[in-house]
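For the record, the sequence lines run as chains A and B.
Letter by letter, the first sequence follows residues 1 to 246 in our numbering.
Letter by letter, the second sequence follows residues 247 to 545 in our numbering.
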Amino acid sequence: MSEALLRIRGLRKSYDSRLVLRSVDLDVAEHQVVCLIGGSGSGKSTLLRCVDLLDVVDDGTVHLGDTELTDPRLDADLVRRRIGIVFQAYNLFPHLSVLDNITLAPRRVHRVPRAQAEETARELLDRLGLADKAADHPERLSGGQQQRAAIARALATGPELLLLDEITSALDPGLVGEVLDVVTDLKQRGMTILMATHEMGFARHAADRVCFLEDGVVREQGTAEQVLTDPRHPATRRFLSRVLDR
Amino acid sequence: MEHGTTAEPEQRPQTADGDYRRSPREEERRQFRRARDRRNRWTAALCTIAFVAAVAAATVASPGWERVHALFLDGAEFRHALPEVLDGFWLNVRMFLIAEVLILVLGLLVALVRVTRAPGLQPLRLAATVYVDVFRGVPTLLLVFLVGFGLPALRLQGTPSQPWVLGVIALVLSYTAYVAEVLRAGLESVHPAQRNAARALGLSTPQALRYVVLPQAVRNVLPPLLNDFIALQKDTALVAVLGPLEALRAAQIKADYDFNYTPYLAAALLFIAVTVPLTRVADRLQRRAAQRAWTETGR
Ligand SMILES: Nc1ncnc2c1ncn2[C@@H]1O[C@H](COP(=O)(O)OP(=O)(O)OP(=O)(O)O)[C@@H](O)[C@H]1O
Ligand SMILES: [Mg+2]
Numbered sequence: 001m002s003e004a005l006l007r008i009r010g011l012r013k014s015y016d017s018r019l020v021l022r023s024v025d026l027d028v029a030e031h032q033v034v035c036l037i038g039g040s041g042s043g044k045s046t047l048l049r050c051v052d053l054l055d056v057v058d059d060g061t062v063h064l065g066d067t068e069l070t071d072p073r074l075d076a077d078l079v080r081r082r083i084g085i086v087f088q089a090y091n092l093f094p095h096l097s098v099l100d101n102i103t104l105a106p107r108r109v110h111r112v113p114r115a116q117a118e119e120t121a122r123e124l125l126d127r128l129g130l131a132d133k134a135a136d137h138p139e140r141l142s143g144g145q146q147q148r149a150a151i152a153r154a155l156a157t158g159p160e161l162l163l164l165d166e167i168t169s170a171l172d173p174g175l176v177g178e179v180l181d182v183v184t185d186l187k188q189r190g191m192t193i194l195m196a197t198h199e200m201g202f203a204r205h206a207a208d209r210v211c212f213l214e215d216g217v218v219r220e221q222g223t224a225e226q227v228l229t230d231p232r233h234p235a236t237r238r239f240l241s242r243v244l245d246r
Numbered sequence: 247m248e249h250g251t252t253a254e255p256e257q258r259p260q261t262a263d264g265d266y267r268r269s270p271r272e273e274e275r276r277q278f279r280r281a282r283d284r285r286n287r288w289t290a291a292l293c294t295i296a297f298v299a300a301v302a303a304a305t306v307a308s309p310g311w312e313r314v315h316a317l318f319l320d321g322a323e324f325r326h327a328l329p330e331v332l333d334g335f336w337l338n339v340r341m342f343l344i345a346e347v348l349i350l351v352l353g354l355l356v357a358l359v360r361v362t363r364a365p366g367l368q369p370l371r372l373a374a375t376v377y378v379d380v381f382r383g384v385p386t387l388l389l390v391f392l393v394g395f396g397l398p399a400l401r402l403q404g405t406p407s408q409p410w411v412l413g414v415i416a417l418v419l420s421y422t423a424y425v426a427e428v429l430r431a432g433l434e435s436v437h438p439a440q441r442n443a444a445r446a447l448g449l450s451t452p453q454a455l456r457y458v459v460l461p462q463a464v465r466n467v468l469p470p471l472l473n474d475f476i477a478l479q480k481d482t483a484l485v486a487v488l489g490p491l492e493a494l495r496a497a498q499i500k501a502d503y504d505f506n507y508t509p510y511l512a513a514a515l516l517f518i519a520v521t522v523p524l525t526r527v528a529d530r531l532q533r534r535a536a537q538r539a540w541t542e543t544g545r
């Protein structure tokens, strides 16, 4: 297998005196879906923010293809154009319609002509089952619809890598499925995805790999089947018995 | 590597991090950032010096510079005038301190009246609205004239007659209208869910206001509030038209007497000396608020 698309080595990050990530090594190969699991506060969001350069790492390197993202000479904006990110709290712009939310970056950052940007946006909305919501403002949408719109927005710039941070944890159980179906569809289309999730059932059937984050390192990683049904590390076993019991 | 656990066994001490050494790559990054920061500081310093030098050169080269220098920047006159202007300035300080307390209390009352929905309070709400509309619309200087000369002319029992008190009344009337609007915006910026959460815990409406809504409202509008106070501190000089011996009036008397405008400069510097610290505080609070907004939505 050739080199992975996203390569994280020895990543270290602390806030003030609190060490969150001690030394994280993680690979995401092209067209793979990698799920990050771990307790609350284990640093999953921090890791994703570091990859998207929303936070400056304390040590270690992150490579995307041939580019070292942690190179301070790099223009962070250029990198972010290659990465899409979706947060737990949607963060759609409330003053723009769904369509304008999606076309904002293609038009203003990538200078795509309006007509073309809107055509792409409509195709995306169609695929994500939001065709009739294009003109609506975000507050008129349900949580699941908002989250799908946020995913469409992240996809509109054609990113090489998609980062998803617990995109279903703010949703009603009934709405979780529709959002996860979108992720499954993206996987089938060959998208490369690194996602933090608490949905173990989803991780099991959709993830190519599962990484368990604990105490600032990747404690255990492997195929979803292996990590989730036959964990080797006691800490993984403890974590899984806690979350699967519920 | 298809599968593997990070080799360390369980008994690894939880805080074992003392052996961490920065990687060469990180050292190099830090070095680069330091060099870049140094370069940026130099650029900033050089640009500033060049700009100041250009402005100074243009000023000194202007045809009227000699005259301006003698009339506005007379060192001896400055030293001579400063004590008298400073004496007057204490009155400004007293005026704005008193006014600020009154404005906060009254502004809060007006804001609360305007946000309540109780039907019985409709007349009060109407009065508050009219008050805000009228007093925000009248120029502050005009209000100083009206209160300063109009109120004593009524010859009512117990109306104050000292000009500086009348000046403070005018300023309070004017600025309360602004501050009430700022506070109202703050109260309305607190999400209704917060009030509901407080009510759900059993807090009464006033308690919810006092312990949950108001602290957040004030936090949200502190920077614009401080801006209004900065403006107020300067506007105490408007009271000079009523004649009390505050900084501007003192400077004016001295300037007229000596045929030199340097006393005005002394007064200006005193006003700057009290507003700059407050401006810096406002900046800091604004930055903190921005950071908070960032961490609250950025995840
Ligand atoms: N901006 C910040 N300033 C200070 N500490 C922070 C900041 N962001 C995160 N932290 C701390 O870093 C730790 C990891 O947080 P992070 O959000 O990455 O956890 P997580 O694994 O995503 O948790 P969850 O599953 O609850 O979302 C937490 O202890 C948190 O308090
Ligand atoms: Mg998180």
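Virtual Cβ for every residue (Gly too), placed ideally from N, Cα, C.
P72 of chain A belongs to the set of residues whose beta carbon lies under 7 Å from a beta carbon in chain B. Of all residues in the segment 53 to 73 of chain A, the ones placed with a Cβ closer than 8 Å to any Cβ belonging to chain B are L54, D58, D59, G60, T61, T70, D71, P72 and R73, in chain order.
Contact of R465 of chain B with chain A is not assigned, every C-beta pair being separated by 7 Å or more. Contact between the segment 394 to 403 of chain B and the segment 433 to 452 of chain B is absent: fewer than 3 CB-CB pairs across the two stretches fall below 8 Å. Boundaries of the beta strand (DSSP E) around V210 of chain A: R209 to E214. With a beta-carbon spacing of about 5 Å, E323 of chain B and N506 of chain B fall inside the 8 Å limit used to define contacts. The beta-carbon separation of V217 of chain A and V24 of chain A, rounded to 6 Å, stays under the 8 Å limit for a contact. Within its own chain, the residues whose Cβ lies closer than 7 Å to the Cβ of V464 of chain B, once the five positions on either side in sequence are excluded, are G432, listed in chain order. If you draw a straight line from the Cα of K13 of chain A to the Cα of T46 of chain A, it comes to about 8 Å. In the DSSP assignment, Q116 of chain A falls within the unbroken alpha helix (DSSP H) covering R114 to R127. Taking the Cα positions, A519 of chain B is about 11 Å away from A512 of chain B. For Q408 of chain B, the secondary structure class from DSSP, reduced to helix, strand or coil, is coil.
Taking D481 of chain B as the centre and dropping the five residues before and after it, the same chain places the C-beta of T386 and L417 closer than 7 Å to its C-beta, in chain order.
For A206 of chain A, the closest of A:P138, A:E214 and A:D185 by C-alpha to C-alpha distance is A:D185. Here the segment 460 to 476 of chain B does not lie against the segment 293 to 307 of chain B, with fewer than 3 beta-carbon pairs under 8 Å apart. Contact of R275 of chain B with chain A is assigned, a C-beta pair being separated by under 7 Å. DSSP places R271 of chain B in the helix class (H, G or I) of the three-state scheme.
Taking 7 Å as the cut-off, the beta carbon of L11 of chain A is found no closer than this to the beta carbon of G65 of chain A. Under DSSP, K500 of chain B forms no beta bridge with any residue.
Rounded to whole angstroms, the separation of the alpha carbons of F318 of chain B and P309 of chain B is 15 Å.
Distances from the CB of S14 of chain A to the heavy atoms of ligand 2 are all 6 Å or more.
Under the three-state reduction of DSSP, D55 of chain A is assigned to coil, being neither helix nor strand.
If you draw a straight line from the Cα of L292 of chain B to the Cα of L358 of chain B, it comes to about 51 Å.
An exposed status is given to Q368 of chain B, since fewer than 16 other beta-carbon atoms sit within 10 Å of its beta-carbon.
The three-state reading of DSSP puts L400 of chain B in coil, since its state is none of H, G, I, E or B.
Residue contact check for F517 of chain B against chain A: no CB pair falls below 7 Å.
Residues of chain A whose Cβ lies closer than 9 Å to the Cβ of R533 of chain B do not exist; the shortest such Cβ separation is about 17 Å.
Residues of chain A whose Cβ lies closer than 8 Å to the Cβ of S269 of chain B are, in chain order, G10, D59 and G60. Within the chosen limit of 6 Å, ligand 1 does not reach the beta carbon of S23 of chain A with any heavy atom. Sequence-ordered contacts of the segment 418 to 446 of chain B with chain A are nonexistent [C-beta pairs closer than 8 Å].
For A105 of chain A, no beta strand (DSSP E) run applies; the uninterrupted alpha helix (DSSP H) run containing it begins and ends at V98 to R108, by DSSP. At least one heavy atom of ligand 1 is found less than 6 Å from the C-beta of G41 of chain A.
R107 of chain A and R73 of chain A have their alpha carbons spaced roughly 26 Å apart.
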